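Below: the structure, in structure tokens.
Protein chains: 6
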Amino acid sequence: MFAHNKRLQYTVRVSETNPGLANLMLEQFGGPQGELAAACRYFTQYLAEDDPGRKDMLIDIATEELSHLEVIGTIVAMLNKGAKGRVSEGLNTEAELYRSINGAGNDSHVTQVLYGGGPPLTNSGGVPWTAAYIDTIGDPSCDLRSNIAAEARAKIIYERLINLTDDAGVKEALGFLMTREISHQQSFEKALYSMQKNFPPGKLPGMKEFENVYFNMSTGEGDVRGPWNSDANFEYREAEPAVDGGSGMPQTVVSDDDATRVEQLAQRTQSDPTADPVTGAELGRGNGSARQSGRGKAGATR
Amino acid sequence: MFAHNKRLQYTVRVSETNPGLANLMLEQFGGPQGELAAACRYFTQYLAEDDPGRKDMLIDIATEELSHLEVIGTIVAMLNKGAKGRVSEGLNTEAELYRSINGAGNDSHVTQVLYGGGPPLTNSGGVPWTAAYIDTIGDPSCDLRSNIAAEARAKIIYERLINLTDDAGVKEALGFLMTREISHQQSFEKALYSMQKNFPPGKLPGMKEFENVYFNMSTGEGDVRGPWNSDANFEYREAEPAVDGGSGMPQTVVSDDDATRVEQLAQRTQSDPTADPVTGAELGRGNGSARQSGRGKAGATR
Amino acid sequence: MFAHNKRLQYTVRVSETNPGLANLMLEQFGGPQGELAAACRYFTQYLAEDDPGRKDMLIDIATEELSHLEVIGTIVAMLNKGAKGRVSEGLNTEAELYRSINGAGNDSHVTQVLYGGGPPLTNSGGVPWTAAYIDTIGDPSCDLRSNIAAEARAKIIYERLINLTDDAGVKEALGFLMTREISHQQSFEKALYSMQKNFPPGKLPGMKEFENVYFNMSTGEGDVRGPWNSDANFEYREAEPAVDGGSGMPQTVVSDDDATRVEQLAQRTQSDPTADPVTGAELGRGNGSARQSGRGKAGATR
Amino acid sequence: MFAHNKRLQYTVRVSETNPGLANLMLEQFGGPQGELAAACRYFTQYLAEDDPGRKDMLIDIATEELSHLEVIGTIVAMLNKGAKGRVSEGLNTEAELYRSINGAGNDSHVTQVLYGGGPPLTNSGGVPWTAAYIDTIGDPSCDLRSNIAAEARAKIIYERLINLTDDAGVKEALGFLMTREISHQQSFEKALYSMQKNFPPGKLPGMKEFENVYFNMSTGEGDVRGPWNSDANFEYREAEPAVDGGSGMPQTVVSDDDATRVEQLAQRTQSDPTADPVTGAELGRGNGSARQSGRGKAGATR
Amino acid sequence: MFAHNKRLQYTVRVSETNPGLANLMLEQFGGPQGELAAACRYFTQYLAEDDPGRKDMLIDIATEELSHLEVIGTIVAMLNKGAKGRVSEGLNTEAELYRSINGAGNDSHVTQVLYGGGPPLTNSGGVPWTAAYIDTIGDPSCDLRSNIAAEARAKIIYERLINLTDDAGVKEALGFLMTREISHQQSFEKALYSMQKNFPPGKLPGMKEFENVYFNMSTGEGDVRGPWNSDANFEYREAEPAVDGGSGMPQTVVSDDDATRVEQLAQRTQSDPTADPVTGAELGRGNGSARQSGRGKAGATR
Amino acid sequence: MFAHNKRLQYTVRVSETNPGLANLMLEQFGGPQGELAAACRYFTQYLAEDDPGRKDMLIDIATEELSHLEVIGTIVAMLNKGAKGRVSEGLNTEAELYRSINGAGNDSHVTQVLYGGGPPLTNSGGVPWTAAYIDTIGDPSCDLRSNIAAEARAKIIYERLINLTDDAGVKEALGFLMTREISHQQSFEKALYSMQKNFPPGKLPGMKEFENVYFNMSTGEGDVRGPWNSDANFEYREAEPAVDGGSGMPQTVVSDDDATRVEQLAQRTQSDPTADPVTGAELGRGNGSARQSGRGKAGATR
């Protein structure tokens, strides 16, 4: 069960309202790398987790992320406080309000006109948050790796936001949130590596002959060798079709009944390679003749 | 520039068509952990990457993932071949076709009725692929971690699919695709760790006093200590508001003009805590009296 | 700040695992009327709210909805426990696992194959949760009405789910969750009606001459009069264009420069109503003549 | 069956084109609170409704909302007329067109570059309209409440748009549309309250012991009592887990076969709480030692 | 302005309710090729169209598509009538209702549990309708081609649905709707070809040297020549990079200030190709040694 | 199998970085009419296609579109190069970076803050690419028409982008991409018309009596006759309900059991047309009397 304390985990002090800045902050509220994504990610993993240690860690961090969602959302709300009053009570003239909304820059007009200055669960472009952002698949060695990567990404987005404002109070609160991502990443790393073994994930082994092959699929100036494709670590092979030694062509067995229908479909819809039909595009060139397309050598087949 | 060879990277042999199985395979075609997501992920990173080594690796792997998209899509197409003929040419009776489509199970009806038996870029639930699945943010230490996690997840989904079919040819091709995820994960790992330093990501340091704190946000039976929150690695603290030592309450400065409007808004929309108004719900209880809600002690204030 | 207690707000007792039932339960986890939507709805309103009474109520209820999200998610996880083991560890044969996944019915295959038996933030059809479900606009008289309606809807979806299972423990927990929606609706109703005035919402008055008009836009057998369009409450008028007394035709003023371009565009792209051109469709009828479409009276104009 | 009259329900007079203003108007065209949402909402309810009175009212209002969609869409088209010509015919120089498109502000560049100055079914941020905006669930007491709330929201968005322009003709047409929302809200209210009884919605009663409880889930300075949680109306209780008197811990029964697999999964993936493994993050700190993270007291366990 | 007549454009007679069939019908209600998409497509084009002939045609057809939306939605509602009663009133036992909902097949459980048996604006997989389905771009020669293609697709989906039912009344109404798509396609074709010229669309000419080239980008067994790449119509060339004769490598000019930062970024994040770092994956193999990955020849560089 | 050559199909030369222009270019990268959509469209058709000629053409063009995706993505990356450095390394002051990001105009702030200056798979408004953009249905005569329309649309969007920049290198590369759409459209046209017959698509004939009818659904000033509704081609009829000669009213047969439940539902939820209930809106008018709404003639019925 969750409980709430009206004091924030970290005090938010905003020295000046600014709806344009508020809008950029939405990235960490309702954006793909934001706190709602983090909280939902760990909370849903918690529910399905059976390992006592991970289960406890997941809910500790999920609950903290919810508290961070509150901190960043409070920053957005504080920065929008002036805009909220303007939108609901109006300004002296319509032109003034129009300029105020358009002049704040980026996509803050959506927050103002559609959401009345409240903090919507969208990113800074106004795109609604979607659970498609969450990549949990119910396997701990994968989910922990996904969590590690997610914490790293969130750290960077906070870094970018910190670089965008010189409001000391906002900077400080963002700095706290950024720092906690570093801490959480470390916890998830410890949890991953205390699983023995965690690589490759899952139970099925790979095919030995392909597990350490590196295929050079892109050729030309710019090929580089390094530990990611070095002879020490990989068998370096040029791209090649049908590496199984087969034909490379797909085969399937269709029942006799189905085969009849498939054949019927093929005949009904075949394109005749020997035709040279007049086309709609030729009709559409609009210069009196339907047959002037191509290279001037067209001959009608009809 | 891309070029294409009509032979697959791995030969696909399907021994029996099965639209229900085809539909489950869509997870790795147009699903969140599938090959389109992988190819797009690495290809877009390639475009913006300036490091020669990573750039080459990203396009090698992106190109291979495109070739895997072709392999899994071919499996879907082969498994659906019979269904494709049925949908377009019909069966003997409508009831037969209805049963054939409904009886295949899971969501294959969408593939059949809407997509005519072709391989749509959806997951097995029919949800269209979205770039919201891609978590690239343009920082290499983050993006490599995201790639590592993505490869791990793809490995597991393939493992699940392999466990679902006893068609030897399908199993083998899926086994190849699964194996290559293991290989790619290893390359991304090597690339990540050949960045010195890669943790914490980015340039800004965290706040020292919070970087190694673990907050015990969830209490009760089930608290577990382990390396993810051990004294060896973390300062273990109980949850506490306002860890900055402040009030925990948000503050902002609103310009005088805005303050007037904010105040006006507050007054115009305040909820009177001393009222006990009749409500719509009370009207809606429908038993002759609007005031029977609550605990039987309601007294009207109007 | 949020804190978490490892005990649920209401004890969940599941007497038998059932992935098909689990999947239907997702409606109240990651579905449009579910608990995540409720929690996000009230929590974001809380952040922007300045009225002390509403602010307190919103966070009380938001926190409880989070706790309900945990209860329903726990039900999903418990019902999926068997399926989770099967997916990750496999069954005796692939055919057995395939049947197990397909046989569970509805869309539970997505939960199993893609999410490994965990509770994903999707509805029962596998559609990812989206903040587009939240209709908060930052005006209290509107948002409270939206909340009232949302609670009513959630009550009904729980009622439908309760009718779907005879597992006493599941039924009881769902009954608790359903009951709380009734309670919350009553709180929101009280809060709405303690705003004086709350109708019409906002500041701008309507145009008196149209505020109580009912337009009979649909005619024919089935017209019914009732309080929603009665003479006692409304002026009942037949549908009519240009109720303002104007022409009903749109007018705009375009600058001279723009007018030139608009005119140029019009000429460049006009459709000639006097032509009778041969079309692609006619070419495509495939019977030797391009001009047999229509009513047999076609005469070429070119 | 629908029919159309080429005259608008309300005459639209635009005195000056303005693509930036046009873009904001999209909120009521393809935005979540806009006219397409309204029309679809009532039209789909109409189709399933069996009550003669509600059925008639729903189609009357749905048809009017379609006519409003036409009015607001016409406003958008008129305001964009100049931009449409510029985009298709070009301006004197590319730089001029670039400035014209960027300078219009907000997200009008999407309307211009992607939609050619036509009115797309997006909101003002360019987000495509989605049926996820519609919250109809097929229960009249819920759907009417949802409609009431939707009308209230639409009224407010119109109010905000009216405050943004001083074009008298646009203001007047918006005023009409806003007024009609007031009228429609009244009709839906009358229809709701002429259902006896409409609260609680549905058939199943709540659990008496929880139906009028208010849980104080959020504590700290800021707790407020009012009619929404007053003793007159509610039993006011402090938050507490396991309000059913049980353990608060979930229980489920798993078949013996499944239990074996669940146990096997647990063992295979357990995190060892006694380990202190070196992690990737530690490798990534890049200072010659993998073991310097944490609080300086780390001791290796391997 | 729209008006509505309570009689359908075509009478709907359903001889037996069937929620599974109802669900498949949703493809033409809220699916990508369905009637809402068609109506919205033509209606929004109408609003921006200035050509009198096309404008009139677009609104005629848009209005008819709305009337078709009503016909197909009515079919869905009629087929769901029994299910609607079951969901709201319950069946004798919960198990009976569960079987009834699961047994109807495909995704009808979403329609029943979430939408109460009403016709939701989703496709048959439960995916909400989105304006992303509409491809209007505000150029008549393009939009008419899009409309032609859309009508062709809708025709085929109706054909598939007709093949799925032997209910004579449903078949007949679907047959009418299918027929009208044929008719509409012909109108759009006539409108397109009465534009002189309509190909290539727009004003800018292509580069002559590439306008009729066909690049053979895919090689191997299966190359076919036909009118789409014949010498008569095209210059057939093998794939080749840098067809402009340049280097094929991108170039850009970065300001000196930016160049410094770009260089700084490159140095800070470079991957060292000469390293062979231990990786997380190696740590995770879990066999006592972190260095056994790759081909057994790894040598540490640190 | 795909292979990649590090040289682009067309050399990209950018003379000046410009994140605002970069953002507009995203329309053809991750926008609905862009190259990813094109590549996916043809590639998935290729997989399911059985006709040898079309199959070869589809993969040739799909592969070229992938190569175009690379060209346009490279343009975006080059134009963003400066912004990428600024975002990751910071500027001299936070205010400078804030101005730099906001001042670039349109939605480039999303690309910069969220995607770090890389090319995301979104449109210029930041909306993530979705497979809902792809309208393939698995019927060749439809899919070819869809492809023709898609090429036409892409041509126009390129034309608009070309008009927006005077950077000669960008203009030239865009010109190449635009030209290739013209070429591809011609190939698809040839392929369509070499199918005999291709209209109407599919197997089922239409109802003769409705196949060439044009219904005049919209009346009033503005009716125009042309080849799309001329007597030569169509039977021109006024709009009329129940064109089948029936009642126009839907009928269905519900089983006796279901009928009981439907009737029970109707009675339970009926709206009483003879009531005039007090409503929530009336309570909310807040002027001491609940009964002042409407036209002043209200009389209570309760």
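Just so you know, the sequences run in chain order A, B, C, D, E and F.
Just so you know, the first sequence maps onto residues 235 to 536 in my numbering.
Just so you know, the second sequence maps onto residues 235 to 536 in my numbering.
Just so you know, the third sequence maps onto residues 235 to 536 in my numbering.
Just so you know, the fourth sequence maps onto residues 235 to 536 in my numbering.
Just so you know, the fifth sequence maps onto residues 235 to 536 in my numbering.
Just so you know, the sixth sequence maps onto residues 235 to 536 in my numbering.
Ideal Cβ placement from N, Cα and C applies to all residues, glycine included.
Please read all numbers here as calculations on a predicted model, not as lab measurements.
- Message: Does the structure place the region 438-457 of chain B close enough to the region 284-302 of chain B that three or more beta carbon pairs sit under 8 Å?
- Response: As far as the Cβ criterion goes, the region 284-302 of chain B does not touch the region 438-457 of chain B, which means the pair count is below three.
- Identify whether B:ASN239 lies in helix, strand or coil by the three-state DSSP scheme. DSSP places B:ASN239 in strand when its eight states are reduced to three.
- Alpha carbon to alpha carbon, what distance is there between C:LEU517 and C:GLN526? Since pLDDT at C:GLN526 reaches only 39, below the 50 mark, its modelled position is unreliable, and the value read off the structure follows with that caveat. C-alpha separation (whole angstroms): 10 Å.
- Item | CB contact check: B:MET441 to chain D, cutoff 9 Å | Not one chain D Cβ lies under 9 Å of B:MET441.
- Secondary structure, alpha helix (DSSP H): runs of 4+ residues fully inside the region 415-481 of chain A: 442-445, all fully within the region 415-481 of chain A.
- Which value, in whole angstroms, describes the spacing of the CA atoms of C:ALA273 and C:ALA296? Answer to the nearest angstrom: the Cα atoms are 5 Å apart.
- Query: Is the beta carbon of B:GLY460 sitting closer than 9 Å to the one on D:PRO266?
  - Reply: Result no, Cβ atoms of B:GLY460 and D:PRO266 do not sit closer than 9 Å.
- Just mark A:GLN501 as buried or exposed, buried being the case when its beta carbon has 16 or more other beta carbons within 10 Å. By the Cβ neighbour-count rule, A:GLN501 is exposed, with fewer than 16 other Cβ atoms within 10 Å of its own.
- Message: Looking at chain E, is there any beta carbon in it that lies within less than 9 Å of the beta carbon of B:ALA524?
- Response: In this prediction, B:ALA524 scores a pLDDT of 44, lower than 50, which makes its location untrustworthy; the coordinate-derived value is nonetheless stated afterwards. With its beta carbon at least 9 Å from every one in chain E, B:ALA524 lies outside the interface.
- Task: Give the straight-line distance between the Cα atoms of B:LYS315 and A:PRO484, rounded to the nearest whole angstrom.
- Result: Near 12 Å, if we compare the C-alpha coordinates of A:PRO484 and B:LYS315.
- Message: If you reduce the DSSP assignment to three classes, tell me which class A:THR308 lands in.
- Response: Helix at A:THR308.
- Span of the alpha helix (DSSP H), counted from its first residue to its last, around B:ASN336: Start and end: 328-337.
- Using a C-beta cutoff of 9 Å, does E:THR399 count as contacting chain B? Yes, E:THR399 lies at the interface with chain B (some Cβ there is under 9 Å from its Cβ).
- Helix or strand or just coil, what does DSSP make of D:MET291? If DSSP states are grouped into helix, strand and coil, D:MET291 belongs with the helices.
- Using a cut-off of 8 Å between C-beta atoms, extract the partners of D:LEU313 located in chain E. Contact of D:LEU313 with chain E by beta-carbon distance below 8 Å is absent, the smallest such distance being about 11 Å.
- Item | CB contact check: E:LYS318 to chain D, cutoff 9 Å | It does: the Cβ of E:LYS318 has a partner Cβ on chain D nearer than 9 Å.
- Neighbour list for B:LEU499 in chain A, Cβ cutoff strictly below 8 Å: Taking the beta carbon of B:LEU499 as reference, the chain A residues within 8 Å of it are LYS318, GLY319, SER322 and GLU323, listed in sequence order.
- Straight-line CA distance for E:GLY268 to E:ALA388? C-alpha separation (whole angstroms): 7 Å.
- Query: For the alpha helix (DSSP H) that A:PRO374 lies in, which residues bound it at each end?
  - Reply: Per DSSP, A:PRO374 belongs to the alpha helix (DSSP H) from 374-396.
- Task: Could you tell me the distance, in whole angstroms, from the CA atom of E:ASP478 to the CA atom of F:VAL246?
- Result: Each residue's alpha carbon lies about 10 Å from the other.
- Message: Just verifying my parser: in three-state terms, what is the DSSP assignment at A:VAL248?
- Response: Note: A:VAL248 maps to strand in three-state DSSP.
- Task: For F:ALA365, I'd like the list of residues in its chain whose CB is within less than 8 Å of its CB, leaving aside the five on either flank, ordered along the chain.
- Result: Apart from sequence neighbours up to five positions away, the residues of its chain that approach F:ALA365 with a beta-carbon distance below 8 Å are CYS274, ordered along the chain.
- Message: Spatial neighbours of F:GLY530 within its chain, please: C-beta separation below 7 Å, excluding the five flanking residues on both sides.
- Response: In this prediction, F:GLY530 has a pLDDT of 36, which is less than 50 and means its spatial position is unreliable; what the coordinates show is noted afterwards. None.
- Any beta-carbon of chain C closer than 9 Å to the one on A:ARG241? Interface criterion met: the Cβ of A:ARG241 is under 9 Å from a Cβ in chain C.
- Message: If we define contact as Cβ-Cβ less than 9 Å, is B:LYS531 a contact residue for chain C?
- Response: Its pLDDT being 37, under 50, B:LYS531 is placed unreliably by the model, and the measurement read from it follows with that caveat. Chain C, which has no Cβ nearer than 9 Å to the Cβ of B:LYS531, makes this no.
- Message: Along the chain, where does the alpha helix (DSSP H) containing B:GLU261 start, and where does it finish?
- Response: Per DSSP, B:GLU261 belongs to the alpha helix (DSSP H) from 261-264.
- Message: Tell me the residue span of the alpha helix (DSSP H) that contains E:GLY319.
- Response: Looking at the DSSP string, the run of the alpha helix (DSSP H) that includes E:GLY319 is 315-323.
- At a Cβ cut of 9 Å, what residues of the region 410-423 of chain C count as close to chain A, listed as they run along the chain? Within the region 410-423 of chain C, no residue has a Cβ that lies closer than 9 Å to any Cβ of chain A.
- Any non-hydrogen atom of the ligand HEM closer than 8 Å to A:VAL512 Cβ: Looking at this structure, you won't find the ligand HEM or any other ligand, since it has none at all.
- Short CB-CB distance (under 9 Å) between D:GLU261 and chain A: So, interface residue.
- Message: Tell me the DSSP secondary structure of B:GLN346 in three-state form.
- Response: The answer is helix: DSSP assigns B:GLN346 an H, G or I state.
- Message: Determine, for D:ASN257, whether the minimum Cβ-Cβ distance to residues of chain C falls below 9 Å.
- Response: With 9 Å as the cut-off, D:ASN257 does not count as an interface residue toward chain C.
- Message: On the criterion of 16 or more Cβ atoms from any shown chain inside 10 Å, does D:ALA329 qualify as buried, or is it exposed?
- Response: With fewer than 16 Cβ atoms within 10 Å of its Cβ, D:ALA329 is classed as exposed.
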